[in-house]
Every structure is written in C-alpha cells, then in structure tokens.
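**Q**
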Amino acid sequence: MAIIVDDDTRLVVQGLTGSEGRFHGLRNRSYGTNLVAGVTPGKGGQDVEGVPIYHTVADAVSEQGANTAMVFVPAAFAADAVYEAVDAGVGTVICVTEGVPAHDMLRIHTYLHGRGVTLIGPNCPGVLSPGKANVGIMPAEIFTAGNIGLISRSGTLTYQIGHELSQMGLGNSTIVGIGGDPIVGSSFIDVLAKFQADPETEYVVMVGEIGGDEEEKAAAFIEAEVTKPVVAYIAGFTAPPGKTMGHAGAIISGSSGTAEGKKAALEAKGIRVARTPTETAEIVAEIARR
Amino acid sequence: MAIIVDDDTRLVVQGLTGSEGRFHGLRNRSYGTNLVAGVTPGKGGQDVEGVPIYHTVADAVSEQGANTAMVFVPAAFAADAVYEAVDAGVGTVICVTEGVPAHDMLRIHTYLHGRGVTLIGPNCPGVLSPGKANVGIMPAEIFTAGNIGLISRSGTLTYQIGHELSQMGLGNSTIVGIGGDPIVGSSFIDVLAKFQADPETEYVVMVGEIGGDEEEKAAAFIEAEVTKPVVAYIAGFTAPPGKTMGHAGAIISGSSGTAEGKKAALEAKGIRVARTPTETAEIVAEIARR
Amino acid sequence: MDLYEYQGKELFRQVGIPVSDGRLALTSKEARAAAEELGGEVVVKAQVLTGGRGKAGGVKLAATPDEAEAYAQDILGLDIKGHVVKRLWIELASDIAKEYYLSLTFDRGVKKPLFMFTTQGGVEIEQVAAESPDALVRLHVDPLEGFQPWQARRLVYGAGVTDPSEQKQIAKIVGQLYDAFVRFDAMLCEINPLIVTPDGLVKALDSKFTVDDNALHRHPAIAEMRDAEAADPLEALAREKHVTYVKLDGDVGVCGNGAGLTMSTVDLVTFAGGRPANFCDLGGGGSAQGVVDALSVVTSDPQVKAIFFNIFGGITRCDEVARGILQALVEMGLDLPIVVRLDGTNAEEGRRILAEAAPANLHVSPTMLEAAKLAVELAA
Amino acid sequence: MDLYEYQGKELFRQVGIPVSDGRLALTSKEARAAAEELGGEVVVKAQVLTGGRGKAGGVKLAATPDEAEAYAQDILGLDIKGHVVKRLWIELASDIAKEYYLSLTFDRGVKKPLFMFTTQGGVEIEQVAAESPDALVRLHVDPLEGFQPWQARRLVYGAGVTDPSEQKQIAKIVGQLYDAFVRFDAMLCEINPLIVTPDGLVKALDSKFTVDDNALHRHPAIAEMRDAEAADPLEALAREKHVTYVKLDGDVGVCGNGAGLTMSTVDLVTFAGGRPANFCDLGGGGSAQGVVDALSVVTSDPQVKAIFFNIFGGITRCDEVARGILQALVEMGLDLPIVVRLDGTNAEEGRRILAEAAPANLHVSPTMLEAAKLAVELAA
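Keeping their order, the protein sequence lines are chains A, B, C and D.
Counting in the working numbering, the first sequence runs from 7 upward without gaps.
Counting in the working numbering, the second sequence runs from 7 upward without gaps.
Counting in the working numbering, the third sequence runs from 292 upward without gaps.
Counting in the working numbering, the fourth sequence runs from 292 upward without gaps.
Shown next as structure tokens:
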C-alpha cells in the first residue's frame, strides 16, 4: 500500500516545462513514477520528453486520468495552481514551491476543509514511497523500502535520518515531507492517521522542529489514536526566540514553539524523543529488533 | 417529533426590541414557543416583557442555552445576523427578513455547506409545528395539528392551503415556509428529507411557484428518496416571463422556471399536481382517507 | 434593476474592462455634438432595456456629425418591442475582426456564479447553447474561494482562443468581470459581443448588466441610474405607491395579499376562462391605506372591467382590509364591479363591515373559486 | 518584515484607523522643524524594532520646538536592547483618558486570524493574559467568511466597553484592522495602546505591524520600507548574498544545507559542549559560489574560531560543495580550522577532492557527531 503516492499514482506536474519542474518531474519518472502529463498555460499540445503538456489541469485529468498533482510554479502563482488542481478533481496535491504567502495558505487550508483532498506542502520536498513512486525532490537512492513511516517538516534532515536508517538495514514505507511553512496542507496528525491505517507501516518516525504547536497536537493524537510505535526527533534546541531559522515556520514566538516544549509534550505522552539524527535511528532499530 | 421547531426549541430573537420583532416574538411566546432571549447590540441587560436581551447571540447561547435563532433585523444587517447565529453555535436559524441581497445569500449558502446548520429563509414566514412551537409570522390559529407536512415558498398561499386542510378535518405536523428568494437556506429537498425522517409526518404537501428549478430537483428527490405520498401545488401558470412576481425568486428566465415545466417534471415522477389550493386539499384528503 | 448599455459600460470602465469612448445624447443636436467631440466615425445606438435593437434599426454607423444627427433623429422615438427610444449612446466606431461572447450570471440552481464564454459571439447565446453546445464553455465559481486566474485560463483555452495576446487580454477581462459582478451586486453581466479589433485589441462592444434590487442600498450611484420613464407607467405608479404590481394583458384586475396567493389568484382567473389584467400584491401589511393605493394602481389601467380582491388574513386583518375597500370606493368614486373574498384573521368582522355598507358594485364571495368565476362573469 | 511605528501608522491611516498627525525626523534639527510645523505639544518617539523604548528613555513629551530638538538630541543614538535609534517620529501629543489593547494575529495553531481585545491596554498583553485572562477577549475569524460586524460587537461588548460612542468607534476600527491585515498580508497588527481621549475620541497611539516576507512581492511600497541599516550587519550582508543566516553568540561557525539539518547541526555543536556562532543555511542549491558566499558571511564574524561545514547531498552534489570549499579557502585566504562532513549524493567524490587538495586547516569527518566534537575542540 504505502500512503499518498504509490503504483496507482498518475502524476501531473504543474510547471513541467520550467527548468526545475522538468528536472524533477523527469527524475520522478525515471524512478518509476507514472508521470502522465504536464500543465503549462499556453504550451498545451507540446510535450516534454514524450509527456504531453496541457493548458489546464482539467484537461490533464480528462485526457490522462491524472489523480495527483505536483506544483512547481513560482510562489506568486502557487495558490492559483493548488486551487486549479483541487477544483479539477485531483485527489492529492503536492506543492513543492517555497515562499507561498501565508494568507494564501490560510484561505486554501480553510477551502480544503472537508473536501477530502490531501495537500502536502507547500515548501516541502514531496512524498516518496520507495519502490513505488517518488513525487518531489527527494533523492530516492538514499532510502530503502521497509516498514517505517517517516514524516518531517524538513528536507535534508529527513535524508539524513533515512540514510541512518538505511545503514542500519531499516527501510521506509513512505517518506512524507510536510513542509516548513507556518501553515501547510497536511499536518503531522493528518499523516500519522494515514500511517496508522497503512498495513505496510509498522513504526513511525516524526521529525519536528521549532515553531507552532503541531508536534504538541501530534503528541495528544498519538496517545489517543496511534497504536504503532512512534519515535520523534526535534531540531532547534539552541535556536533563539524571534528568529526565523531558514523555514518560514521555524520560529519561536515568545515562549511558544520551543524544542524543549515539544520534547516535553511528546515525552509526557510516552513518546521517545531522540537528541540527534543518529540516536533517532538507533531508537527505531532498538524498537524494531525487540 | 415534528421537524425544525418543537418543544425542545429554545428561541433567541435577533431584533426582539424592534417593533416587528417584538410583536412576532411575543406572539410566538404566547403560542407556547420557548422564547429564552432577545439580541440587540447596545441593549444587553434590558428585557422585553421579561425576556432578557443580550448584546450578542453568543451571550444568549451561553446564558440561556438558545438553540434556535429567528432573524428579524433589517435586510442590510441580516447576513451579519445569520453569521453571528451560526458562529455562536445555534443549530437552527430562521430568517424572516425580506430583501436580503442575493450575493450575501450566495456566500452564506456556501459557508453553511457541511456545517450541519439548518437555515430557513430569508424572506420566509417561518416554521410552525402546531401544538408545539411557532417561530415566525404564521397565524397559528389557522392550522391544526396532524400528520401532513407542508412546505411552501409562499406565506399567505400556505395559510390558504392550511385553512382548506383544516376545514376538511386534516392537520399538519409542521408547516415550513422556506421563503421566496432566489437562494434560500433550505430547499424543498432539505425539508422533504426531514419530513421523510419524521415519524409524525405521513403525507407531504409541497407548494411551489415559478422561478428556479427547486421543484424539478425535488421531483427527482421524491422519486429516489421519499416513500411518503407527496402532493404538489404550483402557483404562477399565467405569469409572464422576465417579470418578478412579488417574490424576488418568482421569475421566469427565458423558458426556464415556468409553472408548466415544474408541473410536468413532478407529474413525470408520478407526483400529483393540483390546479388550485382547494384541489390540493381535496387530493390530500382523498389519499389520506384511502 | 436592468442598466442601459452605457451605464453598464461605465461600470465596466470602473473595473478596467476596455470599452470605446462615447457620449450620451438625448437629442439629435446632442448626438451631433457628441460625434464632433469624439471625432471620426461613430455609432449611434438606441438605449433600450430590451434586445433586438439592431434589427429594429436602432443602431447606425455615422461617418460624419451630420449623419450622426440625422440617424439620431430617426432613432429617437423609435418603438423597439414596446420600448420608446429616449436616449442615445454615441460611441467611436470599432473595426471588428472577431466577435466573442462572455457572461457571468447568477446560477440559482447551482447557487454559484456561472461564467459562459464562446468564440461564437454576436448572436443570442441560447442559439449557441442549442446549436453548438461544445463551443460554449461554462464554469462555476465558488463564492468563497472567489475568482482565481485558472478559471480565466479554463475559459479561454477551453473555447479555443489561440492568439496569445487575445488569451492574455481576455483572461484579464474575465477577472475584471468577476470583480464587477461582486463589487456591484450583479445578477447578470454580459458582454456580447466581446470583440477583437483587426489590430488585436479586445474590448466590450455591448453590455447587459442587471443589479440586484435588494442590494441597491449599497450602491446609491447605481440606484440613481434608474430611468423611471422607461418603466410601464402603471408599474412606475405602483413603485411610487410601494405596491407590487405587474401589468398583464387582460381585463380582470387582481389584488391579493402575498405573492404566492396573488399568483394563485391570477391563475384562478385564467382557469375560470377570464384574462387577468395584472398581478397586484398588497404585501404583508394590508392597511386601509395600502388597500386604497393598490386599488388606485389597478384601476388606473383603462382595460380593467372588474376587480377580484382576494385576501387571506394572517397578520393582515380582514376588517382593516374591508374598511380600506370602502374608503377606496368613496375616495375614488369607484364604480367598477368588485368581487371580494375575505378569509382568515377577522374575516367575519370584515364581511360584516362590507355587508353593512353594501355598495351596489361590491360582491362578497365565500371562496376563491367562486369569486374568480364571478369576477370573470362581471368583466365579460 | 517588522515595520516601524510610523510605517505601521501610515498603513493604519490608509485603512481609515485614526492616528495622530506626525512627522519623521532623522536629526534633531528635523525634529525641531517637525514640532514647529505640527504646532503645540509633541511627543518625540524613538523608532526601533523592539519593545520597551519608553522605559529606555526613548519617548519624551516636548512642550516646545526647543524641547523637541533637545530630546531628539538625547534619543538619537540611544541603544535600546541592541537597537541604535536613528529615526524619530514626532507626533502631536494626545491626552489619554483610557488605554485599550487591540490586535489581530496569525494563529498558526488554529489556522485562522485571531483578534484580541482588552480594556486593560498599555501593558504587555502576555501580562494581561496571565493575570486577568477574563479581561482578554479572543476571537478567531474564518478566512473565507471574512470579517463580519458581529465579530467587532463580540469584542467590544465582551470586553465591557460601555460608552456607546466608544463601542461604535472601536467596532469600526476592528473592521479596519481586519482590512489592513488582509490587504497588506500582515502576520501581526497590534494597537497598544488604543486610547480614548478625554473628549471621547478613539485612536491608535502606537502600532506594531509585521508583514509576511513571502508576500512582499505584492506590496512593493511596503518592501521599500525595509531599513537595511537596522538589521545586524552580518544578517544584512547575508541577505545581500542570498544566504540564510542567523547570528548566535558562540565561536563555532555552522554551515549546513537545508534549514532542518542546519538547526540539527547547531544543536549538535551545543550538545558537544560548544557554542555555535551562527545558523547558516546554504539552501537547496549548494553551488560552489553559494559555498563561497556562505563562508564569507560566516567568517565575517570575528568571534568565529572554527567552522563546522555539514552537508547531506540530495539535489546538492557533494563534489560541487567540495570544490566550493577549496575555492573559498583560496579566494578568502581562509586559515580558520574547518571541519567538513559530506554525505549523500557524490559524497565519495567530494571527500576525494578534499583529500587530494588536503589544506592544512581542513579536517574531514565521517559523521555529524564526530565532526561536531572536533569543531568544538578546534574552537577551544
């Protein structure tokens, strides 16, 4: 099974004719992802290495049965692209674009409520189900297939942890980069619920960082709803308050959003929190080998 | 049981201190409706014949447990009043106000989608469950309690039909005036579904008129979902196209929205359509006595 | 409320939709002056709140101010489907390479605004919809999501516009039309034709614009655009007296309380073999003065031979209505036959009042059906 | 992006929120001229992007232009929590009868804008929230429903404002603040205090306004308000070179690729007993030039004694990074000890390149943990 992307994924890339979209879209195809279409207004009828380009997502859906969209358009046009994909009936939207205005996401988040659409991102590395499909910019060769679900607000930190797991002979069912912005389409909770329901996933690693309270909410959710073992890692213990640490969402506001607070909230619910990426992998290995 | 309003109704009237709101609110109370509060910004702390007035609906809900709101404020403020009631957690909103801008209703209708709130109106006479509760401006003395659900876009026409039913010894479970505007909170279908689920209702009378396609949609819904006998009446067979016949929603646009078209759609689904209010009551009597 | 072409274009201009420069003219002299001021070829366009003015000779191309004046003379006073031309719009003539169609309407069935766009403009859209439905792109907008640029692209590409400059200009106009629709509480905004000039400029050559009457309080400037003279004189009188009145073609005047009951009453007159002269709704109040006002509007129609007065009292009290009827008979010296049917609140008292006064031309009937039959007989 | 008080007030003014008349002054002469132009008593206010300026002596009431000039002299150059005062806002003085608090923030937890209002203004809102939570009214707005007037009433009545004129004025300001929040893509709009003058006028006496950096492309006028001088000089340099950099207090410079990995690297330095000098994220690209730029920013901090360069290659290629490091060592004549850890895409090739060049101050470490320990040792 895996979650979000798999063998049933029929991918349309919004912005496939741009240099980034082309590079990653074709990389995803090389990995085995079923890339069925690209969308670039004004370039309908063209193709990118055999992938047909359409003016609109609606055309990509009706002509190619696209069910998953990856958004690779500039930030100023990303909200429009997400609405277009959702209103065209695409069930999963993965928005890689960085720098989407927060107010745009506020409206999109509210608009999506109750529509049954999965939005991942923005400002995310995408979703990878090893051996099945890769949608996004993750270097798939780092990861191996396995039974550990991985959720993260960060890109390279996820690769680091995936790498450490691989070296210990552990693999992943799906790796989900939910994105580093203050408001993202899917929170830890949304993805945890999917992993809980996924028969291929037996353990979950959750990689958080400073800012917001999604890790705290996830802690309560895990206690109430998740029966599979969860190991957490939090980055940013030494971050000063009031400073944006690279990700727009990685900021401690006053006394809220600290790594210490998140660690305490998780541990209060019995969730083990590692201090380093290496320790994260070690704890998972310890649990998995029990 | 009855539907929408009954013995469990705890009514707050928005605009209770206005002359219309006061007159009808107190009339509803005299009928036996549990009128628990009024709302008029700036008049919180006052009372109207013992009914406490609050500044906000939220206060009426928290202090008096109001679960049903009747909107009696001027049209320019009606949308705000509906949002206030809904956001304060009131489950049923009955908007009597006439002249609410159509764009306001467009937004409200979309906003309410999936929130589980029942909005009746605007531009409606309200809802009456004989012997239980009357919320609105209907003259309750015309109607008697019984097993016939009555739904109508019109006020006085409903009274006429209720009167004819009463004279034949037939009574109503609930009378719902859904309102005469182009966009109303609850359509025929919404109310038909409630009557279908209501054990006290055995027959339904549906009073339509020219304009829109809600009667046509109701016909399809009745065929698919309603097992109780439905009798319909449509007003406006002689109305010219392009003219608003009193109700903002009663207008034939081009060739759509005619009474003939509605009659044909209903009859095609096996629903009997009466030519006059008297005939409507006669058909119901015929079916009920079978 | 329907707006004239020139008024709709003014609203278009306010949201940035390109329109041609033009001037309003009420006389042929003004038409000449406008043509002189504008310079070059102009179009003299009858301003009427109905379609088909072109075929009726209401639109003429004038090469010179002289010609503009002459055409204005011809067009002013023209009767186009019952609308007499009193206003002209003098506009710089446009060369037309292509004619498209763009509209945004209030789809009450789906409860969302509906865009319609086709490259087959210049004709009635119903015709396009019937004959080549594939050429007509329809797209609803979620009122809370609001307009998004992809919607414009879907229309433009869906209809097969291939020129990139046209695509861009039309996409912009689509957004501006949505802006106008929301900003001005429109029920309908139609551009037919939306033209492309030989040098590739897209603009609105006509406008059809309907604003929600219930929202006019938010738009005082638009409310002031209403042309009282354009309405049927009886409907104008009714508006003045706050009576809801629609003129029909027959001879039986109909008054009722409430829109539904009144429509039903009009139907009954027809079913009884008569021809209703009007629809007249007293409204919910039904005060004596309201009754007098309604009767004065109904009887201003010289075709009316008899009146059917149908009241079901709820909030309206039948005794009050009865007094109003008697007052009207006296004040207006009304001698047309009136059939009155009263039921509901205080009906007995109302009937008693009428029976006591018992004017010769007043007939009280116990039911709607009988009253309808009697009124039809009396009008014959 | 945080705005100065006077900039935020300009935005308030644009949406109609009442503010006092004032002038910007960069010198004491300009302060005198502003006071003369404004007439009457003025307040000389330090413009700094931090709180607590009142206690620090950054706000003074001046009865005359002379006084204004003198106070300006005192305040200019003042160091308030590390921010040196370079701008003054000279504003007509207001008499204050009451001090309220009103703000609208971006509640990322609930994912809705959040209004907060209390009649206990003029102090830190955290203090009110902690000491008298009942006095603070909190209300979320649904971003699609948008602001509705009832929300303003709920705030005003909920907080116990009793004067009808105040209720009305504040309710209006609440709506205007929402307007500003949406129109200018704000993350925070705060009015503290929102004052009532003795004659009953409500106005914003201060402003705190933060605009979403990601939305500045929609607001070029606001983007231009940025005061490059106000930022830490190292952070300003980083911005210029498109490097994501945050200054910390220690001596181990940290460079990583990706925000999460870099935060984790900073943590590791701390856990290893060291003190990180900064957070520096190369970003996703990791070109040789990007490496040079990042190193030039990190080493501009004189406190830096050693550098920890931590790369996990994904899209970023480690061989490219290795070349960048060598290029930087040469170009910059860098002799600080650098600990490099490379993993992921082309890591072997990268390590080979570094091993071949083998500069004396460069240490390659196989794991993050070991690299962190070594960097801490080298900085000691």
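The beta-carbon is built from N, C-alpha and C at its ideal position, and this holds for glycine as well.
For clarity, every value in this text was computed on a predicted model and none was experimentally measured.
Tell me where the alpha helix (DSSP H) around Q467/D begins and ends.
**A** Here the alpha helix (DSSP H) through Q467/D covers P455 to R474.
**Q** Under 7 Å, Cβ to Cβ, is there at least one residue of chain D near D13/A?
**A** No, because no Cβ of chain D sits closer than 7 Å to the Cβ of D13/A.
**Q** In this structure, does DSSP put G177/A in helix, strand or coil?
**A** Three-state result, G177/A: coil.
**Q** Any chance you could list the alpha helix (DSSP H) runs of at least 4 consecutive residues sitting entirely within the segment 533-597 of chain D, in chain order?
**A** Correct list: 550-562 and 579-589.
**Q** Starting from the Cα of N637/C, find the closest Cα among M623/C, E647/C, A619/C and I606/C and give me that residue.
**A** The candidate whose alpha carbon is nearest that of N637/C is I606/C.
**Q** Excluding the 5 residues preceding and the 5 following E221/A in the sequence, name in chain order all residues of the same chain whose CB lies nearer than 8 Å to its CB.
**A** Excluding sequence neighbours, E221/A sits near F194, M212, G214, A238, I240, K268, A271 and L272.
**Q** Report, in whole angstroms, the separation of the C-beta atoms of L586/C and A619/C, which I expect to be a contact under 8 Å.
**A** With a Cβ gap of about 4 Å, L586/C and A619/C count as contacting.
**Q** Using the DSSP secondary-structure output, state which residues sit across from R278/B in a beta bridge.
**A** According to DSSP, R278/B bridges with V237/B.
**Q** Tell me, please, whether the CB atom of P440/D is closer than 7 Å to any CB atom in chain B?
**A** With 7 Å as the cut-off, P440/D counts as an interface residue toward chain B.
**Q** Excluding the five sequence neighbours on either side, which residues of its own chain have a C-beta within less than 7 Å of the C-beta of D12/A, listed in chain order?
**A** Excluding positions up to five away in sequence, the list reads S135, K138 and A139.
**Q** Do V45/A and V63/A have their beta-carbon atoms positioned less than 7 Å apart in this structure?
**A** Yes.
**Q** Are there 16 or more other CB atoms within 10 angstroms of the CB of S456/D, so buried, or fewer, so exposed?
**A** It is exposed - the Cβ of S456/D has fewer than 16 other Cβ atoms within 10 Å.
**Q** Tell me the residue span of the alpha helix (DSSP H) that contains A225/B.
**A** From DSSP, the alpha helix (DSSP H) with A225/B extends over E220 to E231.
**Q** Which whole-angstrom value is the C-beta distance of I366/C and L379/C, which I expect to be below 8 Å?
**A** Between L379/C and I366/C the Cβ distance is about 6 Å, and since that is below 8 Å, they are a contact.
**Q** Since A563/D and A646/D are thought to touch, with beta carbons under 8 Å apart, how far apart are those beta carbons, to the nearest angstrom?
**A** No, A563/D and A646/D are not in contact; Cβ-Cβ is about 24 Å, not under 8 Å.
**Q** Return no unless some Cβ of chain C is closer than 7 Å to the Cβ of T46/B.
**A** No, because no Cβ of chain C sits closer than 7 Å to the Cβ of T46/B.
**Q** Can you name, in chain order, every residue of its own chain whose Cβ lies under 6 Å from the Cβ of S158/B, other than the five neighbours on each side?
**A** Excluding sequence neighbours, S158/B sits near T164, G183 and V213.
**Q** Taking just the CA atoms, how far does E104/B sit from A66/B?
**A** Using only the alpha carbons, I get a separation of about 24 Å.
**Q** Does the beta carbon of I606/C come closer than 7 Å to any beta carbon on chain B?
**A** By this cut-off, I606/C is an interface position.
**Q** Ordered along the chain, which non-local residues of its own chain (more than five positions away) have a Cβ less than 7 Å from that of A519/C?
**A** A527, listed in sequence order.
**Q** Below 8 Å on C-beta distance, what does R281/B contact in chain C?
**A** Those within 8 Å of R281/B in chain C are D558 and F562.
**Q** Within 7 Å (strictly less), CB to CB, does E69/B reach chain D?
**A** It does not; no Cβ of chain D falls within 7 Å.
**Q** If you run the structure through DSSP and keep just helix, strand and coil, what is L395/D?
**A** In this structure, L395/D counts as strand in the three-state DSSP scheme.
**Q** Could you check whether D293/C and P107/B sit closer than 7 Å to each other, using their CB atoms as the reference points?
**A** Not a contact, by the Cβ cut-off of 7 Å.
**Q** Could you tell me whether the Cβ of R429/C comes closer than 7 Å to any Cβ of chain A?
**A** So, not an interface residue.
**Q** With 7 Å set as the bound, which would you pick, yes or no: does the beta-carbon of N569/C sit closer than that to a beta-carbon of chain B?
**A** By this cut-off, N569/C is not an interface position.
**Q** So with Cβ pairs under 7 Å, would you call Y448/C a contact of chain A?
**A** For Y448/C, the answer is yes, since a Cβ of chain A falls inside 7 Å of its Cβ.
**Q** In the DSSP assignment, find the alpha helix (DSSP H) that holds H654/D and state where it starts and stops.
**A** H654/D -> not in any alpha helix (DSSP H); beta strand (DSSP E) instead, spanning L653 to V655.
**Q** May I ask you to list, following chain order, the residues of the segment 218-246 of chain A that have a beta carbon less than 7 Å from some beta carbon of chain D?
**A** Listed in sequence order: G218, D219, A241, G242, F243, T244, A245 and P246.
**Q** Can you tell me the Cα-Cα spacing of I308/D and G343/D, whole angstroms?
**A** Looking at the two C-alpha atoms, the distance is approximately 24 Å.
**Q** Whose CA, out of V414/C, E415/C and S394/C, lies closest to the CA of L405/C?
**A** It is S394/C.
**Q** What residue ranges within the segment 87-149 of chain A form continuous alpha helix (DSSP H) runs of no fewer than 4 residues, ordered along the chain?
**A** Counting only runs of 4 or more, we get 108-118.
**Q** Given this structure, state the Cα-to-Cα distance separating D433/D from H119/A, to the nearest angstrom.
**A** In a straight line, the C-alpha of D433/D is about 12 Å away from that of H119/A.
**Q** Between the alpha carbons of D634/D and A274/A, how many angstroms are there, rounded?
**A** Between D634/D and A274/A, the C-alpha separation is close to 34 Å.
**Q** Let me see if you follow: with CB-CB separation under 7 Å, is A550/D close to chain A or not?
**A** Chain A contact via Cβ: present.
**Q** What number of angstroms, rounded off, separates the C-alpha of K249/A from the C-alpha of L125/A?
**A** Their Cα atoms are separated by approximately 27 Å.
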